[in-house]
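First the structure, in the form of structure tokens, and then the observations on it.
2 protein chains.
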Amino acid sequence: MNMDKTVRDPDMPPNETSDISKARLRAWLQILKVSRKIEGELREKMRLEFGSTLPRFDVMAALYRSRDGMRMSELSSALMVSNGNVTGIVDRLVTEGMLVRVPVENDRRASIVRLTEAGEKDFAERALVHEGWVSELFSDLSASDADALIRILRTVYHHNEAHHD
Amino acid sequence: MNMDKTVRDPDMPPNETSDISKARLRAWLQILKVSRKIEGELREKMRLEFGSTLPRFDVMAALYRSRDGMRMSELSSALMVSNGNVTGIVDRLVTEGMLVRVPVENDRRASIVRLTEAGEKDFAERALVHEGWVSELFSDLSASDADALIRILRTVYHHNEAHHD
DNA sequence: GAAATTTATTTCAAGCATAAAATATTTGGG
DNA sequence: CCCAAATATTTTATGCTTGAAATAAATTTC
Numbered sequence: 184m185n186m187d188k189t190v191r192d193p194d195m196p197p198n199e200t201s202d203i204s205k206a207r208l209r210a211w212l213q214i215l216k217v218s219r220k221i222e223g224e225l226r227e228k229m230r231l232e233f234g235s236t237l238p239r240f241d242v243m244a245a246l247y248r249s250r251d252g253m254r255m256s257e258l259s260s261a262l263m264v265s266n267g268n269v270t271g272i273v274d275r276l277v278t279e280g281m282l283v284r285v286p287v288e289n290d291r292r293a294s295i296v297r298l299t300e301a302g303e304k305d306f307a308e309r310a311l312v313h314e315g316w317v318s319e320l321f322s323d324l325s326a327s328d329a330d331a332l333i334r335i336l337r338t339v340y341h342h343n344e345a346h347h348d
Numbered sequence: 184m185n186m187d188k189t190v191r192d193p194d195m196p197p198n199e200t201s202d203i204s205k206a207r208l209r210a211w212l213q214i215l216k217v218s219r220k221i222e223g224e225l226r227e228k229m230r231l232e233f234g235s236t237l238p239r240f241d242v243m244a245a246l247y248r249s250r251d252g253m254r255m256s257e258l259s260s261a262l263m264v265s266n267g268n269v270t271g272i273v274d275r276l277v278t279e280g281m282l283v284r285v286p287v288e289n290d291r292r293a294s295i296v297r298l299t300e301a302g303e304k305d306f307a308e309r310a311l312v313h314e315g316w317v318s319e320l321f322s323d324l325s326a327s328d329a330d331a332l333i334r335i336l337r338t339v340y341h342h343n344e345a346h347h348d
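Same order as they appear, the protein sequences are chains Y and S.
For the first sequence, this note's numbering assigns the number 184 to the initial residue and increments by one for each residue that follows.
For the second sequence, this note's numbering assigns the number 184 to the initial residue and increments by one for each residue that follows.
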């Protein structure tokens, strides 16, 4: 683990920043640029092809993985978004007939959300198309670069997981 | 340039996807995960330390680079967001006294947005602190990994720039 | 030079996202 | 049992974001 993050070069004036710091900032700005570009492309395709949105796709994806359904709180922590946010997205998906809320035995506070049959069918189709879009948007990414990218980003992610010190 | 993106292995059933396609999807999901995590951390810091937001920071950053100011349309294309979006953010920054709108000579449709003196001063301070936050969040990222990341993401970005075919 | 088109910006409606407050229910002492 | 604390979820207020429509001014075309 890098422990140098707060150590300053004594030769450096306090209003300047190190080269490594600038390299990391550039890396972050590049991540941001790519993720916004790709997200924008995917959002547009979702809207035009399916009349839907990425957040709804994400909720359905999480539920597709756990066929028994999930609680609202499980959903919001799996997707790393706020509780209130999930409430709204689930509401819309219920209206569309993609999801149902099922009461939980012995806990009247909670409810479990599940894909309907229609929701499952729709998602299965959309997921395949979605993977095709992503593969096309990333068609210049070789297998080895994909692996390198994943490795590097995992290190970054794990460093920032939980442990708010 | 990879031209294979639409070629399917004839041995593969049409409802399955290739390994490279799955690797690219994993890479994309990892990018998304990291960028959301980091963006969340930075948003919180911005709010707590400066009572401000990332979109406002981004607008001020763009204007800091071009001291003569920018038109609304220049701003929105530099930040790659919609015109209407910029209108709202600029409105708030004007209210805060960070920005001014200056009419353009010979074109009464347009206006130029500039940082005020206070805006310039505030941004200079915030930018340094911001760089420190980023460097800390990415403190596990070595110089060589930062370079590798930037190189890989640049290829992805350039492939998706403009040329909507 | 009037009409049609293009360009620059704003407004609008809808959805996404957060933080904080509110509501409802369950659980854990005393 | 009662009540305080914890838990699950929704509601509210605010801001960001988009796409589309509206407004206004400049440019082009006839």
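Here a beta-carbon is modelled for each residue, glycine too, at the ideal position from N, C-alpha and C.
No experiment lies behind these values; they were computed from the predicted model shown.
In angstroms with no decimal places, state the Cα-to-Cα distance between residue i and residue j.
{"i": "LEU298/S", "j": "PHE240/S", "result": "12 angstroms"}
{"i": "GLY271/S", "j": "LYS220/Y", "result": "21 angstroms"}
{"i": "MET186/Y", "j": "SER201/Y", "result": "In this prediction, MET186/Y has a pLDDT of 44, which is less than 50 and means its spatial position is unreliable; what the coordinates show is noted afterwards. MET186/Y and SER201/Y: Cα-Cα distance of roughly 15 angstroms."}
{"i": "ASP290/Y", "j": "VAL264/Y", "result": "23 angstroms"}
{"i": "SER322/Y", "j": "GLU314/S", "result": "32 angstroms"}
{"i": "LEU212/S", "j": "LEU332/Y", "result": "11 angstroms"}
{"i": "THR278/Y", "j": "ARG284/Y", "result": "11 angstroms"}
{"i": "ALA329/S", "j": "GLU288/Y", "result": "50 angstroms"}
{"i": "ALA261/S", "j": "ALA245/S", "result": "8 angstroms"}
{"i": "GLY280/S", "j": "GLU257/Y", "result": "42 angstroms"}
{"i": "GLU224/Y", "j": "VAL312/Y", "result": "14 angstroms"}
{"i": "MET184/Y", "j": "GLU303/S", "result": "For MET184/Y, the predicted structure reports a pLDDT of 46, less than 50, and the residue's modelled location is therefore unreliable. The matter cannot be settled from this model."}
{"i": "VAL317/Y", "j": "GLU227/Y", "result": "13 angstroms"}
{"i": "THR236/S", "j": "TYR340/Y", "result": "22 angstroms"}
{"i": "HIS342/Y", "j": "ARG207/Y", "result": "14 angstroms"}
{"i": "ALA210/S", "j": "ASP274/Y", "result": "30 angstroms"}
{"i": "LEU215/Y", "j": "SER294/Y", "result": "35 angstroms"}
{"i": "MET255/Y", "j": "GLU300/Y", "result": "20 angstroms"}
{"i": "PRO238/Y", "j": "GLY267/Y", "result": "13 angstroms"}
{"i": "MET253/Y", "j": "ALA310/Y", "result": "19 angstroms"}
{"i": "LEU276/S", "j": "ILE203/S", "result": "45 angstroms"}
{"i": "SER249/Y", "j": "GLU232/Y", "result": "26 angstroms"}
{"i": "MET243/Y", "j": "VAL269/Y", "result": "11 angstroms"}
{"i": "GLU344/Y", "j": "LYS205/S", "result": "25 angstroms"}
{"i": "ASP251/Y", "j": "ARG292/Y", "result": "18 angstroms"}
{"i": "ARG230/Y", "j": "SER218/S", "result": "22 angstroms"}
{"i": "GLU222/S", "j": "GLU222/Y", "result": "14 angstroms"}
{"i": "LEU282/S", "j": "SER327/S", "result": "38 angstroms"}
{"i": "PRO286/Y", "j": "PRO286/S", "result": "59 angstroms"}
Please confirm if residue i has its CB atom under 9 angstroms from at least one CB of chain Y.
{"i": "TYR340/S", "result": "yes"}
{"i": "ILE272/S", "result": "no"}
{"i": "VAL217/S", "result": "yes"}
{"i": "ARG337/S", "result": "yes"}
{"i": "GLU303/S", "result": "no"}
{"i": "THR200/S", "result": "yes"}
{"i": "VAL317/S", "result": "yes"}
{"i": "GLU344/S", "result": "yes"}
{"i": "GLY223/S", "result": "yes"}
{"i": "PHE321/S", "result": "yes"}
{"i": "GLU314/S", "result": "yes"}
{"i": "SER249/S", "result": "no"}
{"i": "SER204/S", "result": "yes"}
If you reduce the DSSP assignment to three classes, tell me which class residue i lands in.
{"i": "ARG239/S", "result": "helix"}
{"i": "VAL264/Y", "result": "coil"}
{"i": "ASP290/S", "result": "strand"}
{"i": "LEU324/Y", "result": "coil"}
{"i": "ARG226/S", "result": "helix"}
{"i": "MET255/S", "result": "helix"}
{"i": "ARG250/Y", "result": "coil"}
{"i": "ILE333/Y", "result": "helix"}
Does any CB atom of chain S fall closer than 9 angstroms to the CB of residue i?
{"i": "ASP187/Y", "result": "In this predicted model, ASP187/Y has a pLDDT of only 45, less than 50, meaning its place in the structure is not dependable; the value taken from the coordinates is given anyway. Yes, contact with chain S."}
{"i": "MET281/Y", "result": "no"}
{"i": "ALA245/Y", "result": "no"}
{"i": "MET263/Y", "result": "yes"}
{"i": "ARG207/Y", "result": "yes"}
{"i": "LYS228/Y", "result": "no"}
{"i": "LEU324/Y", "result": "yes"}
{"i": "ASP330/Y", "result": "yes"}
{"i": "ALA293/Y", "result": "no"}
Relative to the alpha-carbon of residue i, which residue among the options has its alpha-carbon at the smallest distance?
{"i": "TYR247/Y", "options": "ASP328/Y, SER322/Y, ALA307/Y, LEU336/Y", "result": "ALA307/Y"}
{"i": "PRO234/Y", "options": "ILE335/Y, ASP305/Y, ARG254/Y", "result": "In the sequence under discussion, the amino acid at residue 234/Y is Gly, which differs from the Pro named in the question. With distances taken between Cα atoms, GLY234/Y lies closest to ASP305/Y."}
{"i": "SER259/Y", "options": "ARG250/Y, VAL296/Y, MET229/Y", "result": "VAL296/Y"}
{"i": "ARG337/Y", "options": "LEU320/S, LEU231/S, MET229/S", "result": "LEU320/S"}
{"i": "SER325/Y", "options": "ARG334/S, MET229/S, LEU324/S, ALA326/S", "result": "ARG334/S"}
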